[in-house]
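Chemist: After the structure tokens below, expect a handful of questions from me.
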Amino acid sequence: MARVVVDVMPKPEILDPQGQAVANALPRLGFDGITTVRQGKHFELEVADDVDDATLAKIAETFLANPVIEDWVVRRVEA
Amino acid sequence: MARVVVDVMPKPEILDPQGQAVANALPRLGFDGITTVRQGKHFELEVADDVDDATLAKIAETFLANPVIEDWVVRRVEA
Amino acid sequence: MRVGVITFPGTLDDVDAARAVRYAGGEAVSLWHADHDLKGVDAVIVPGGFSYGDYLRCGAIARFAPVMQEVVEAANKGMPVLGICNGFQILCEAHLLPGALVRNSKLHFVCRDQWLRVENNETAWTTRYDRGAEILVPLKSGEGGYQADQRTLDELEGEGRVVYRYVGEDPNGSRNGIAGITSANGRVVGLMPHPEHAIDALTGPTDDGLGMFLSLVDSVVKA
Amino acid sequence: MTVNTGNTVDTVENAEKTPDQEQPYKELGLKDDEYARIKEILGRRPTDAELAVYSVMWSEHCSYKSSKVHLKYFSDTTTDEMRAKMLAGIGENAGVVDIGDGWAVTFKAESHNHPSYVEPYQGAATGVGGIVRDILAMGARPLAVMDPLRFGPADAPDTRRVLPGIVAGVGGYGNCLGLPNIGGEVVFDATYAGNPLVNALCVGAMRVEDLHLAHASGTGNKIILFGARTGLDGIGGVSVLASETFDDTAGKRKKLPSVQVGDPFTEKVLIECCLELFAERIVVGIQDLGGAGLACATSELASAGDGGMRVHLERVPLRATGMTPAEILSSESQERMCAVVRPEDLDAFMAVCAKWDVIATEIGEVTEGDRLVITWHDEVVLDVPPRTVAHEGPVYHRPIERPADQDALQADAPDRLARPSGDELLELVKTMAASPNLASKRWVTQQYDRYVRGGTVLAQPSDSGMIRIDESTRRGVALSTDCNGRYTRLDPYAGAQLALAEAYRNVATSGATPVAVTNCLNFGSPEDPAVMWQFEQAVKGLADGCAELGIPVTGGNVSFYNQTGATAILPTPVVGVLGVIDDVRRRIPTGIGAEAGETLLLLGE
Ligand SMILES: Nc1ncnc2c1ncn2[C@@H]1O[C@H](COP(=O)(O)OP(=O)(O)O)[C@@H](O)[C@H]1O
């Protein structure tokens, strides 16, 4: 068993209303100095040892992310 | 300027319908060997250098995460 | 005139789409997500709702359903396909239409009666309208913001493939106020608002939406 | 306090051998005499599982122990004539009325106040989910929801935390189920500041012959648990039973969550699955799993049936590892149902569940005799007479006392206020128009889908919601919920009647004929005699009002302990009235001025 993390983020040129809402709210809550916030998704997968990197890349690209609007990063982490 | 990442995940004992839906879909798409999927949020923040760790921890706890049902991790990353 | 209406787990507006087809004089045929079969229909509607709970991304899981493989194949051969709301999202995820739909700019689900301007009345689904006409139909969605890169937007605008545009106050942050678009051949149309909820002034704000279903009946009868 | 040691499970055999073992009944909310009664019923000390089951089922929420003696007044005042159209009433999951043409309509309101304060989105969402399952369990297709809400002052900081979450939760769950929201209330008052009210109402319809009641009968029939897996949701209270030395693979188990997370997608699929099962006529009895989970479902099904029941608890599909029998029985995991099925229909039942991808497990059977027996890997962990759990819980006659300040309150009448002059009057009108209680509720209502499924004839901004039940005949129903807590504080008897009268008028003016009433009685602590007086008065007022109008109360819900510290909320008996209209085209929309030249008439004094 391996643990795999996939982070999916809106592409920089795509409007990110959620991240923007967070960025706008922070000063109102008294937190200054945060200039940009972007919000995406974080997936944690438990995968069998025979699942290779190419398969993981494919899962991320065809399913977990929508390449039209999102970028993604796949990484294996220590269990 | 520093870049800070906050990952927010549903607590392990809390139902995660989103992760479950992803996990159920994978075999139907022909991807086997993924036993568990949990889905959370991934925030990327650009913060001024004078924002300290305590402030970041507070932002995560009081605003980015919902401590009743979520766990979170804050980390500074290379820009 | 047989029109297929797909039901995925979590589909909600299938009954409404079928009713709209009947009001327009067609026969509604239900199609099940797990079937590899379009039952010989002349056109397909992918209705609204929350297929698979809209988990992951709206439409992302439904796109892989067996019936969708058939829809993609049929659409590529010219079959008229209409995606409403979640159906529009599914058609984008399935790459039958370009772009994607993201969270409303104000982050809330919005249910309201929405004015739309008809920009293209030459698709299989819009010939009953006058170009430039304004119609009032319900909009009800949380992720209705239409997004695409600049090149795609230029292409859509240049080829006249924007079918509907929002009139008045922007409801969800869509680029160029886009409410609905069509494929290059004008056969596949997707839109966020709900024409199937505007077929009778008893249960909707107007009957302005009926024109889409009447247009389809016309186009299939003509063909 | 620890009962278990290691991973051993407390069995009936063990309980018999260790009669003097101390048990944390107090932490579980049981009083000394209640614990003594359980011992008396069983003739021994209860096992952990039994203690868990009795404690949740004998809680105020499940047993109505403080309200029962008062609620009886509803039945006492319901005449046979009022009962004529009632197919099911108080005591069933939800009331059912015959609306003609072979249609039956079922409706009920429920509160989810405290969970919505702790976690507004999920609390409100699961509140909607729960009431929808109640309606489904009657055999009906759920058709619409409503949400009477109460918040602290609109500008209070906590309201800004609570309100958006609750509204998003009601919308998020209801919209995803495809249930139009056809009305509700949004009221602000300081007494709700630490205690918002989230009441949810659901209405559904079925053909009269499809009515299902919750009972387990027919020896040999199978008990099927279907829907979501069972997890550690909402068992915070029962966690005192978990052994301190309990060892999960990840080490010691953390404090258990008392929050449940809803999965509306699973519920939507469960609804369609159930409706298909009903259509195939392969369900003998059915019960939803709500508060008190399996403990409630098994004991209620068994006590309503004509035999006993045996449940193999280890068969329950779990979401968490290492759950104990007590935890499994009291888990409040959402989106689950329990059905009784004849053995010959089992395959057909499983096939429908498979079609909808719904997990279904045969967990037991109806037995001879009259005991509910639950085993865990063949060891008996619970063996009780089910009625003692579900229906024969404690009954309290709480002290009642008219509050000391009631006279002064009533004497402080409006004629002691100065009359505003001309200019002041204008200001007053502006102030009122801008006040949160009177301002537009669009911010809330536009987050709710009111169009889905194409049957909504009236919704906001109408005084009542109306849906079409039958597309061919256009027969439909109208619903309105109302309550003015300030009036009720001034005079609980009259206040409850005013709530009834307002809901009744709203339904009548939409063109429908009122036929039945439901309620959701939100009050402070029943241990406060002043609150109990308010409660008693409100019940009397409502029941007498219903008798006067000739329409029965078919069901309802009581929510006590709505208070912050010693301060109770305004007494808030929310009343829902259901009306029937034979052709929804004859509806009367709210509002004037659709056409020039309309004549305005004032009716009444
Ligand atoms: N929480 C709510 N959910 C759904 N509808 C609501 C809610 N609150 C108010 N409404 C609807 O909004 C409309 C206006 O409400 P309100 O301003 O309270 O009017 P009224 O005082 O006449 O009841 C009504 O149709 C009511 O049903």
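Chains as they are written, first to last, in this note's numbering: chain A, -14 to 64; chain B, -14 to 64; chain C, 152 to 374; chain D, 37 to 641. Here a beta-carbon is modelled for each residue, glycine too, at the ideal position from N, C-alpha and C.
1) By the DSSP assignment, the alpha helix (DSSP H) with residue 211 of chain D in it spans what residues?
2) Does residue 326 of chain D come out as helix, strand or coil in the three-state DSSP assignment?
3) Name the two residues that bound the continuous beta strand (DSSP E) containing residue 62 of chain D.
4) Mind checking if residue 14 of chain B is an interface residue toward chain C, Cβ cutoff 7 Å exclusive?
5) What span of residues does the alpha helix (DSSP H) with residue 629 of chain D cover, start to end?
6) Under 9 Å Cβ-Cβ, which residues of chain B neighbour residue 33 of chain A?
7) Counting only beta-carbon separations shorter than 7 Å, does residue 204 of chain C have a partner in chain B?
8) Could one say the Cβ of residue 268 of chain D lies closer than 7 Å to chain B's Cβ atoms, at least one of them?
9) What do you reckon, is the C-beta of residue 188 of chain C under 6 Å from a heavy atom of ligand 2?
10) Given that residue 2 of chain B touches chain C, what residues does it touch there, using C-beta distances under 7 Å?
11) Going along chain C in order, which residues have a C-beta closer than 8 Å to the C-beta of residue 51 of chain A?
12) Using only the alpha-carbon positions, how far apart do residue 348 of chain C and residue 130 of chain D sit?
13) Using a Cβ cut-off of 8 Å, which residues of the stretch 378 to 397 of chain D contact any Cβ in chain C, in chain order?
14) To the nearest angstrom, report how far apart residue 265 of chain C and residue 156 of chain D are at their CA atoms.
15) Can you have a look at residue 643 of chain D and say buried or exposed, based on whether 16 or more other CB atoms are within 10 angstroms of its CB?
16) Given a cut-off of 7 Å on the beta-carbon distance, is the pair residue 169 of chain D and residue 299 of chain D in contact?
17) Who are the Cβ neighbours of residue 499 of chain D in its own chain at under 7 Å, not counting the five residues just before and after it?
18) Is the Cβ-Cβ distance between residue 175 of chain D and residue 246 of chain D less than 7 Å?
19) Give the secondary structure of residue 66 of chain D by DSSP, where H, G and I count as helix, E and B as strand, and everything else as coil.
20) Ends of the alpha helix (DSSP H) at residue 479 of chain D?
21) Please tell me whether residue 8 of chain B has its Cβ less than 7 Å away from any Cβ of chain C.
22) Could you tell me the distance, in whole angstroms, from the CA atom of residue 11 of chain B to the CA atom of residue 208 of chain C?
23) Which one of D:151, D:612, D:446 has the shortest CA to CA distance from residue 578 of chain D?
24) Name the chain F residues that come within less than 8 Å of residue 38 of chain B, Cβ to Cβ?
25) Beta-carbon within less than 6 Å of residue 50 of chain D's beta-carbon, same chain only, minus the 5 sequence neighbours each way: which residues are those?
26) Do residue 427 of chain D and residue 341 of chain D come within 7 Å of each other at the CB atom, strictly closer than that value?
27) Where do the N-terminal and C-terminal ends of the alpha helix (DSSP H) with residue 458 of chain D fall, by residue?
28) Taking C-alpha atoms, which residue in C:273, C:152, C:296 lies nearest to residue 327 of chain C?
29) Hey, how far is the Cα of residue 367 of chain D from the Cα of residue 268 of chain D?
30) If you pair each beta-carbon of the stretch 342 to 352 of chain D with each one of the stretch 133 to 152 of chain D, do three or more pairs fall below 8 Å?
31) Grab me the residues of residue 534 of chain D's own chain with a C-beta within less than 7 Å of its C-beta, minus the 5 sequence neighbours each way, in chain order.
32) Just to confirm before moving on: does the CB-CB distance between residue 227 of chain D and residue 606 of chain D stay below 7 Å?
33) Given that residue 201 of chain C touches chain D, what residues does it touch there, using C-beta distances under 9 Å?
34) Just to confirm, is the Cβ distance from residue 236 of chain D to residue 188 of chain D under 7 Å?
35) Are the stretch 197 to 206 of chain C and the stretch 233 to 242 of chain C in contact at 8 Å, needing three or more beta carbon pairs?
36) Any beta carbon from chain A within less than 7 Å of residue 5 of chain B's own beta carbon?
Modeler: So, from the listed chains and residues:
1) 193 to 213
2) strand
3) Where residue 62 of chain D is concerned, there is no enclosing beta strand (DSSP E), given that its DSSP letter is neither H nor E.
4) Yes, residue 14 of chain B counts as interfacial toward chain C.
5) Residue 629 of chain D -> no alpha helix (DSSP H), and no H or E assigned at all.
6) 17, 18, 19, 20
7) yes
8) With a threshold of 7 Å between beta carbons, residue 268 of chain D makes contact with chain B.
9) No copy of ligand 2 occurs in the structure displayed; its ligands are ligand 1 alone.
10) By Cβ distance, chain C contributes 204, 206.
11) 208, 211, 244, 251
12) 30 Å
13) Against chain C - using a Cβ distance shorter than 8 Å - the residues of the stretch 378 to 397 of chain D are 392, 393.
14) Inter-residue distance for residue 265 of chain C and residue 156 of chain D is about 30 Å (C-alpha atoms, whole angstroms).
15) One cannot answer for residue 643 of chain D here, as it falls past the ends of chain D, which runs 37 to 641.
16) no
17) Result list for residue 499 of chain D: 516, 542, 545, 546, 626, in chain order.
18) yes
19) coil
20) 478 to 481
21) no
22) 14 Å
23) The shortest C-alpha separation from residue 578 of chain D is found at D:612.
24) Note that chain F does not occur in the displayed structure, where the protein chains are A, B, C and D.
25) none
26) no
27) 458 to 470
28) C:296
29) Distance from the CA atom of residue 367 of chain D to the CA atom of residue 268 of chain D, rounded to whole angstroms, is 6 Å.
30) The stretch 342 to 352 of chain D is not in contact with the stretch 133 to 152 of chain D.
31) 520, 523
32) Result yes, Cβ atoms of residue 227 of chain D and residue 606 of chain D sit closer than 7 Å.
33) Neighbours of residue 201 of chain C on chain D, chain order: 211, 212, 213, 214, 300, 301, 304.
34) no
35) yes
36) no
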